[in-house]
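Protein chains in written order, with my numbering: chain A, 924 to 1291; chain B, 924 to 1291; chain C, 924 to 1291. C-beta: ideal position from N, C-alpha, C; glycine also. Scroll down for the structure; my scribbles are underneath it.
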Amino acid sequence: MHGFPLLVDQHCHGVLRSGPDRGTFESYLTEAQVPPPPGVSFFDTQLGFAVRRWCAPVLGLEPHCPPREYLDRRAELGTPETTRRLLRASGISTFLVDTGLPGNLLTPGELAETSGGEAHEIVRLERLAERAADTARDTHSFLAELSDGIREAVRTARGFKSVIAYRYGLHFEPHPPSTSEIYTAADRWLGSRVPGGRLSDPVLLRHLLWTAVRTGLPLQLHTGFGDPDLRLDRCDPLLLTDFVRATASYGTPLVLLHCYPYHRGAGYLAAVFPHVYVDFGLTLSHTGARAGQVLAEFLELTPFGKLLFSTDAYGLPELYVVGTQLFREALTTLTDTWTAAEAWSPEDVPRVTAMIAAETATRLYGLT
Amino acid sequence: MHGFPLLVDQHCHGVLRSGPDRGTFESYLTEAQVPPPPGVSFFDTQLGFAVRRWCAPVLGLEPHCPPREYLDRRAELGTPETTRRLLRASGISTFLVDTGLPGNLLTPGELAETSGGEAHEIVRLERLAERAADTARDTHSFLAELSDGIREAVRTARGFKSVIAYRYGLHFEPHPPSTSEIYTAADRWLGSRVPGGRLSDPVLLRHLLWTAVRTGLPLQLHTGFGDPDLRLDRCDPLLLTDFVRATASYGTPLVLLHCYPYHRGAGYLAAVFPHVYVDFGLTLSHTGARAGQVLAEFLELTPFGKLLFSTDAYGLPELYVVGTQLFREALTTLTDTWTAAEAWSPEDVPRVTAMIAAETATRLYGLT
Amino acid sequence: MHGFPLLVDQHCHGVLRSGPDRGTFESYLTEAQVPPPPGVSFFDTQLGFAVRRWCAPVLGLEPHCPPREYLDRRAELGTPETTRRLLRASGISTFLVDTGLPGNLLTPGELAETSGGEAHEIVRLERLAERAADTARDTHSFLAELSDGIREAVRTARGFKSVIAYRYGLHFEPHPPSTSEIYTAADRWLGSRVPGGRLSDPVLLRHLLWTAVRTGLPLQLHTGFGDPDLRLDRCDPLLLTDFVRATASYGTPLVLLHCYPYHRGAGYLAAVFPHVYVDFGLTLSHTGARAGQVLAEFLELTPFGKLLFSTDAYGLPELYVVGTQLFREALTTLTDTWTAAEAWSPEDVPRVTAMIAAETATRLYGLT
Chain A
924 MHGFPLLVDQ
934 HCHGVLRSGP
944 DRGTFESYLT
954 EAQVPPPPGV
964 SFFDTQLGFA
974 VRRWCAPVLG
984 LEPHCPPREY
994 LDRRAELGTP
1004 ETTRRLLRAS
1014 GISTFLVDTG
1024 LPGNLLTPGE
1034 LAETSGGEAH
1044 EIVRLERLAE
1054 RAADTARDTH
1064 SFLAELSDGI
1074 REAVRTARGF
1084 KSVIAYRYGL
1094 HFEPHPPSTS
1104 EIYTAADRWL
1114 GSRVPGGRLS
1124 DPVLLRHLLW
1134 TAVRTGLPLQ
1144 LHTGFGDPDL
1154 RLDRCDPLLL
1164 TDFVRATASY
1174 GTPLVLLHCY
1184 PYHRGAGYLA
1194 AVFPHVYVDF
1204 GLTLSHTGAR
1214 AGQVLAEFLE
1224 LTPFGKLLFS
1234 TDAYGLPELY
1244 VVGTQLFREA
1254 LTTLTDTWTA
1264 AEAWSPEDVP
1274 RVTAMIAAET
1284 ATRLYGLT
Chain B
924 MHGFPLLVDQ
934 HCHGVLRSGP
944 DRGTFESYLT
954 EAQVPPPPGV
964 SFFDTQLGFA
974 VRRWCAPVLG
984 LEPHCPPREY
994 LDRRAELGTP
1004 ETTRRLLRAS
1014 GISTFLVDTG
1024 LPGNLLTPGE
1034 LAETSGGEAH
1044 EIVRLERLAE
1054 RAADTARDTH
1064 SFLAELSDGI
1074 REAVRTARGF
1084 KSVIAYRYGL
1094 HFEPHPPSTS
1104 EIYTAADRWL
1114 GSRVPGGRLS
1124 DPVLLRHLLW
1134 TAVRTGLPLQ
1144 LHTGFGDPDL
1154 RLDRCDPLLL
1164 TDFVRATASY
1174 GTPLVLLHCY
1184 PYHRGAGYLA
1194 AVFPHVYVDF
1204 GLTLSHTGAR
1214 AGQVLAEFLE
1224 LTPFGKLLFS
1234 TDAYGLPELY
1244 VVGTQLFREA
1254 LTTLTDTWTA
1264 AEAWSPEDVP
1274 RVTAMIAAET
1284 ATRLYGLT
Chain C
924 MHGFPLLVDQ
934 HCHGVLRSGP
944 DRGTFESYLT
954 EAQVPPPPGV
964 SFFDTQLGFA
974 VRRWCAPVLG
984 LEPHCPPREY
994 LDRRAELGTP
1004 ETTRRLLRAS
1014 GISTFLVDTG
1024 LPGNLLTPGE
1034 LAETSGGEAH
1044 EIVRLERLAE
1054 RAADTARDTH
1064 SFLAELSDGI
1074 REAVRTARGF
1084 KSVIAYRYGL
1094 HFEPHPPSTS
1104 EIYTAADRWL
1114 GSRVPGGRLS
1124 DPVLLRHLLW
1134 TAVRTGLPLQ
1144 LHTGFGDPDL
1154 RLDRCDPLLL
1164 TDFVRATASY
1174 GTPLVLLHCY
1184 PYHRGAGYLA
1194 AVFPHVYVDF
1204 GLTLSHTGAR
1214 AGQVLAEFLE
1224 LTPFGKLLFS
1234 TDAYGLPELY
1244 VVGTQLFREA
1254 LTTLTDTWTA
1264 AEAWSPEDVP
1274 RVTAMIAAET
1284 ATRLYGLT
């Protein structure tokens, strides 16, 4: 991993400003929303093992020390120092932060300062709509605020993110809704919404997607696995095929996040549609010792200039370290193997590595 | 594989009391129900090669000896001695036997005696219903007998098994049917049923599932590949997602069997829903030389405390030997590789091995 | 790869008679139909790397020389000499050529002559129908010509090919359409068809399939990935399950092409239905350095006597070299690994290799 380039983390979230206490640390190691049953621990997963392996040394401990010892050391150092050490060990120079998740989290600016890197915002479309709904007097002002919010984001953010996969599924009707459909749906939603209520109306979700597509900023789409709110079989990125076709003429980059276990289909979309890109997101972190084989599957059909690194880290700074270390080790091991077998040329390796690590994201998001 | 723990085979069937003759041995090496076309042999499969590799030495032959030689030796030893040798070589201490398959098979008690281990029953729900239908005078007595049969099974068996995947598909309506729906469906089925007819009515199949869930005993569900009676795309365990959600509050363990080629989605369900467990069943036996890579895919998202060993052996005692040897070798090879790469700690290996081999099954099924 | 048998390429297309110029060479390395976006090159893919690796030495260059150097050398040699060298380096003795693709391509006869091998035709059903529609006076004569065309093909060709996956999807109604349905559909299609228009009517597509099945000649079906005209999720071969059942009594071999990323499901179909065969087609070429792992996945459930080699080469003679070299290397590496692990016997390797390379195709297509 000698000479590995600095990384652009093209999809991540903030880390907790304080804590978590021991009892909740484990809950950040899983996409589950409730504790495991007796006899099962979320430390006994590929992600849990990867945290012990890669993060313990950053805090001055032996790799794979027991969870209790790791948490003791974390408490001893305190959250700010733990966060500072882990972020600085990650080798990330630029963070593109989806600010749409809840929690008492560091802002992008604080993340940048703590890590010594820079950070930019990715605006989550559904959160924008929910905020507009929180304050709008009526349907008309809701839609106007939404429109203003998107326009504002174009000035301040680097891209958009949609979680329509969670809120409805990727089998949505691919074409933009009409103005009257939008108005009717907004009326209905605002009329029945309890304060803080989530947006799951498919017409409004599609309206958000299409408004974002028309701005030309990259649009990140959750696909593949995540927490139990989603139905995984409705998160297959191939369900987006007709939407991909419908948006082709705009040229707006569509960035498919995570993808697992449908990452081979995502690679196909990236191979045949110019504006489709693929990101492995939380997939490498959660598959740990298997990250190399899973990354290799992403690299079957995806053109090398269309695959992007990210950690999808959230809450724990450990997830930045795990996401970066697993990626670096996985890619290095793969390219070593492929050059040893003479399937790849050694001269191509740094070039392809640079694309995935930073260059493609730099180009897509207009970073410098 | 030194020091590998004794195994709990949490899903298997009986072995043939006599035979099979040479002509039918091959038919037990496949999920096909008719002979192969000219030029094709079911010995020329990963499972066929694995039988020659692992079973020949148990009968005193060279590994990989030709099928004819193996079958000669088998005939020479006779069925009882062949069965005794193979079962005792398997390293299984406890058998959980689904007694719902046809054939002149050893009972769980005989399996225990022959192997020197112990055996418990898993009751196949559809068989229970079909037996009740064989004897019931009318709809009312059918439903009463069914209910009695389930109550009886709670006293005598360790869990239930459903093959709704075969009989209908996993895309069934997730909620319990109403009493009047059940009554109507039972009426219809009994009225049109020929003696020995299979249950494939989705209302009654769901009634069985929900009756079993309410008992709290572990419920095994066939998912993934099997014989040509099923439509594999309707056996994706993700189709169970809404049923998994609907049953969450009961806490009844749902054990997804086989899963292939949808095992990564099964791992997701086990990762995010506390009551979901995963078993690789016949997958390792049928993928043979590939068992290590396939097992590795199960171990991507599945929490290590939620994966269970089984052989799904049926008919041939060879399938016990193949299922156990492939599992031991696959897991040992994986954990050796992962510890050599420092991705896993050597201290964790026996702990995780013990979970998969026996401990999780021991806890779930209340074994000792 | 010492002693590897000569290959029967059971699914391929012609190569360009002249050119391509530098600008279009790259377009033949992808299933995309438009150029890549800025910063992305189709040379930077597994297929692009494989071409540089395997074809450069055939033209007297260093493996992995830069694309520009390779294309210079190609231009210097000229198309006929380049084609001759690459075809003769491929080790293919027999080409089964689907002649239904457009372009100024070598005929099967020219391919045979240039390569020093032999070539036979596979008739693309949809092309047959489109040609009949180009010349037919009315519906009656269209259907008669179609019927004649199929009868003629039985005399001259070795099999049929269907691209219903592209034109409609594999979720078609499995049973043969009635005569009146066929007549109505033909009427409708011919009435609305613009000259050269493609056939996408599902009734006529099914009529073609069933007419072909009744001849007994092997029927190749596109499944899995391809160009952006298809919806990949509707190309899952498991969607063919009911068609497979409906055609079982005819015994006509159904050969599933490509299959990726649904090749494990294809292997299941081949394992349980006697008349189903599997071919990896363009999958190995497009996955390059990953061809070994992908081939291994085909070899999980597919009986070894039911897997067939092909290149799906089209346009560039390079695709013959890449398809054959990747296959030979992948299979040799796998079998070396499996024999080293004692999972396979060394005696079985040449036998299984011969089946996949040539024997099964020789038997299915009546070659000598």
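In the structure shown, A973 of chain A falls within a helical segment according to DSSP collapsed to helix, strand and coil. Taking T1030 of chain C as the centre and dropping the five residues before and after it, the same chain places no C-beta closer than 6 Å to its C-beta. For chain C, the residues of the stretch 1134 to 1166 of chain B that bring a beta carbon within less than 7 Å of one of its beta carbons are F1148, D1150, P1151, R1154, L1155, D1156, in chain order.
In the DSSP annotation of this structure, the continuous segment of the alpha helix (DSSP H) that includes Q1248 of chain C starts and ends at 1241 to 1263.
DSSP places E1096 of chain C outside both helix and strand once states are collapsed to three, so it counts as coil. Using a Cβ-Cβ cut-off of 9 Å, S964 of chain A is close to P1226, F1227, G1228 of chain B, given in chain order.
In this structure, L1222 of chain B keeps its C-beta atom at 7 Å or more from the C-beta atom of A1214 of chain B.
The continuous beta strand (DSSP E) containing D1021 of chain B extends over residues 1015 to 1021.
Below the 9 Å Cβ cutoff, chain B contributes no neighbours of P980 of chain A, its closest Cβ being approximately 11 Å away. For chain B, the residues of the stretch 1173 to 1194 of chain C that bring a beta carbon within less than 7 Å of one of its beta carbons are R1187, G1188, Y1191, A1194, in chain order. No residue range can be given for F1203 of chain C, since it is assigned to no alpha helix (DSSP H) and is classified by DSSP as neither H nor E. Between H1043 of chain B and S1233 of chain B, the CB-CB gap reaches or exceeds 7 Å. With respect to the 7 Å criterion, Y1183 of chain A and K1229 of chain A are not classified as neighbours on the basis of their beta carbons. Taking a C-beta distance under 7 Å as the contact criterion, P986 of chain A and R976 of chain A qualify as a contact pair. Residue-level contact check: D1259 of chain C does not touch chain A, since none of the beta carbons of chain A fall below 7 Å from its beta carbon. Between G1289 of chain B and R1081 of chain B, the beta carbon gap of about 7 Å places them in contact (Cβ cut-off 8 Å). Interface with chain A (7 Å Cβ-Cβ cutoff): V938 of chain C is excluded. Here DSSP, grouped into helix, strand and coil, assigns V1136 of chain A to helix.
The stretch 1056 to 1068 of chain B makes contact with the stretch 1102 to 1114 of chain B: 3 or more CB pairs, one atom from each, lie closer than 8 Å. Only those residues of the stretch 941 to 956 of chain B whose C-beta falls short of 8 Å from the nearest C-beta of chain A would be listed, and there are none. Pairing L1155 of chain C with G1188 of chain A gives a Cβ-Cβ distance under 7 Å. When Cβ-Cβ separations below 7 Å define contact, R1286 of chain C makes contact with chain B.
At least one beta carbon of chain C lies nearer than 7 Å to the beta carbon of A1219 of chain A.
Chain-order list of chain C residues neighbouring H1198 of chain A: P960, by C-beta distance under 9 Å.
Contact annotation for V1275 of chain A against chain C: D967 [CB-CB distance below 8 Å, chain order]. In the structure shown, the three-state DSSP call for S1085 of chain C is strand. Against W977 of chain B, chain A offers no close residue; the least beta-carbon distance is about 26 Å (beta-carbon pairs closer than 9 Å). With 16 or more other CB atoms across the displayed protein chains lying within 10 angstroms of its CB, E1282 of chain A is buried.
The alpha-carbon separation between A1194 of chain A and I1073 of chain B amounts to approximately 53 Å. Counting only Cβ-Cβ distances below 8 Å, F972 of chain B has contacts in chain C at A1266, W1267, S1268, D1271, in chain order. Around the beta carbon of V1245 of chain C, 16 or more other beta carbons sit within 10 angstroms, so the residue counts as buried. Taking the C-beta atoms as reference points, R1047 of chain C is found nearer than 7 Å to G1023 of chain C. Contact with chain B is absent for E1096 of chain C, since none of that chain's Cβ atoms lies less than 7 Å from the residue's Cβ. Here the C-alpha atom of P1099 of chain A lies approximately 41 Å from the C-alpha atom of H1145 of chain B. Look at R991 of chain A: its C-beta is not under 7 Å from any C-beta on chain B. At the C-beta level, F1196 of chain C and V1178 of chain C stay beyond 7 Å of one another.
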